[in-house]
Amino acid sequence: ADWLVDLGPGAGEHGGQIMAQGTPEQVARQLESLTGRYLAGVERIPVPARRRRVAKSRMITLEGVTTHNLKNITVSFPLSVLTCVTGVSGSGKSSLLNETLAPALIRRLGGIAPKPGPFKALRGASRIDKVVQIDQSPLGRTPRSNPATYTGVFDEIRKIFANTRDARQWGFRAGRFSFNVKGGRCEACQGQGVQRIEMNFLPDLFVTCPECEGRRFNRQTLEVRYRDRTIADVLQMRVDEALEFFENFPPLVRLLGTLREVGLGYLTLGQPSTTLSGGEAQRVKLATELARVDSGNTLYILDEPTTGLHLDDVRKLLEVLNRLVDRGNTVIVIEHHLDVLKSADWIIDLGPEGGDGGGYLLASGTPEQIAALPDNHTGRLLRTVLLEGGGDP
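The sequence shown begins at 83 in the working numbering and counts up one residue at a time.
Right, here's the structure in full:
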């Protein structure tokens, strides 16, 4: 870029300040800026000291794939490792992963999925028991959807409020503290905290509900308190604050703890999902998966998960993906970001070009093996970061 404007220092209420502005060289000299430290190389995502071993006997193999521009290719995906599928735009990455492998596996496991693209055979599917696709799409489409409802945190909180003395005395069950059903919610806004004003030829306008003043619940529901906080007060808590407030409830500590671990401690529990960035929504989904007790046989598929992420967010994303793999799960990502590619255990490279000029399996191997290929686009770029031990500037 010609000019950088760096905001921070953190996210949410910890951000909002201009940390640095200037040319990339000038920002790199301002070490109070996290972006500056990455530009200067003070902070970096290191090349892994060792990579997980790929067992040729533990793979899922798709044979004879001809979806869209794919040229009758046979591809093997190793299990229990982090794999990156690479290639220029239009080389066939989404056709292979999202339109063939994912739906074919989901159907084989008894799930519902669109008809997969054409292929001849699928081998090794019995080695996994679930397929999870994680993207940056919103958690929900209405203001009622938020991190607390998506992760299951709110179910536990409602049980706590239903168990208070006042709630038991008035006959309130956990459903009373839901804003998705009638009873305890504010009916003027149907528990959304805002009212929609249709603007005809302009985007709809949302205004704070005048009846409940954005608190989502009716007056009687808000009279119930736990440790002097109403259910509406709890929804206004940040994840970090809620973790301390509910420290004596192990299920909540586990769920909230994973949100903090993926770098979302600044989010409020009731923040409408419509206001979350794509990267935040993606990390809420990843945190939810981390909090689950799984069998270690899940396949996670992500499509360009670093889109819109700061370098430090990429570091946090890699930590989460590696935790999933350390449990025995398999993670496959479509990615271009060199910091992710150099951190992978295995790379599957498609190309050489896009459209009709692509669709071939060019290579598969460790990042070092791909980097050693003389005429490979991905290998040429990987060589630079593996030699430097660094990543994208």
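Don't be surprised by glycine CBs; every beta carbon is placed ideally from N, CA and C.
Backbone secondary structure at residue i - three-state DSSP
i	result
F243	helix
S227	coil
T380	strand
L304	helix
D217	coil
R309	coil
D211	coil
Q272	coil
E280	strand
Cross-strand partners of residue i (DSSP beta bridge)
i	result
E145	A203
D385	I416
T168	D431
Q163	This sequence places Val at residue 163; Gln is not what is there. Answer by DSSP bridge pairing: none, since V163 is not bridged.
I155	V147
E299	Looking at the sequence itself, residue 299 is Phe, so the reference to Glu does not match. F299 pairs with R267.
R320	T350
Range covered by the alpha helix (DSSP H) that runs through residue i
i	result
L337	P332 to E343
I188	A184 to R190
A102	Taken as a continuous stretch (DSSP letters only), A102 belongs to no alpha helix (DSSP H), being part of the beta strand (DSSP E) at Q99 to G104.
D88	Unbroken run through D88 is the beta strand (DSSP E), L86 to G90; no alpha helix (DSSP H).
V124	Taken as a continuous stretch (DSSP letters only), V124 belongs to no alpha helix (DSSP H), as it is neither H nor E.
Contact set for residue i: own chain, Cβ-Cβ below 6 Å, skip 5 residues either direction
i	result
S355	P220, L221, G222, S227 and N228
L400	S425
F283	none
N379	I210 and D211
G345	K398
G347	V321 and D322
Contacting residues, own chain, Cβ-Cβ under 7 Å from residue i (five flanking each side not counted)
i	result
P130	S425
M141	S158, F159, P160, L161 and G206
T370	Y232 and T233
8 Å Cβ shell around residue i - same chain, five flanking residues per side excluded
i	result
G390	Q218, S359, G360 and G361
K264	none
G440	N151, G169, V170, G172, S173, G174, L432, G433 and P434
Near the ligand MN: residue i beta-carbon under 6 Å from a heavy atom
i	result
G352	Here there are no bound small molecules, and the ligand MN is not part of this structure.
Run of the beta strand (DSSP E) containing residue i, from where it starts to where it stops
i	result
A445	Y442 to G447
L287	L284 to T290
query = Is the stretch 257-265 in contact with the stretch 236-245, if contact means three or more CB pairs nearer than 8 Å?
reply = Result yes; three or more Cβ-Cβ pairs closer than 8 Å.
query = Any chance the stretch 83-103 sits against the stretch 115-129, with 3 or more Cβ pairs inside 8 Å?
reply = Yes: the two stretches touch, three or more of their Cβ pairs being nearer than 8 Å.
key: Validate contact between the stretch 170-181 and the stretch 152-160 using beta carbons, cut 8 Å, 3 pairs   = Judged by Cβ distances under 8 Å, the stretch 170-181 makes contact with the stretch 152-160, as three or more pairs qualify.
Cβ pair count under 8 Å reaching 3, the stretch 198-205 against the stretch 327-334 = The stretch 198-205, when compared against the stretch 327-334, does not touch it at the 8 Å Cβ threshold.
task = Assess, as a yes-or-no matter, whether the stretch 452-463 is touched by the stretch 430-438 under the definition of 3 or more beta carbon pairs within less than 8 Å.
result = Touching, per the Cβ criterion.
query = Can you find at least 3 beta carbon pairs, one from the stretch 283-292 and one from the stretch 315-330, that sit closer than 8 Å?
reply = With a cut-off of 8 Å, the stretch 315-330 and the stretch 283-292 do not count as touching, because too few Cβ pairs lie within range.
key: the stretch 307-321 in contact with the stretch 243-252 per 3-pair CB rule at 8 Å   = Touching, yes, given that three or more Cβ pairs across the two stretches are closer than 8 Å.
request  = Determine, using beta-carbon pairs with one atom in the stretch 402-412 and one in the stretch 440-459, whether at least three such pairs fall under 8 Å.
outcome  = They do not touch, by the three-pair rule.
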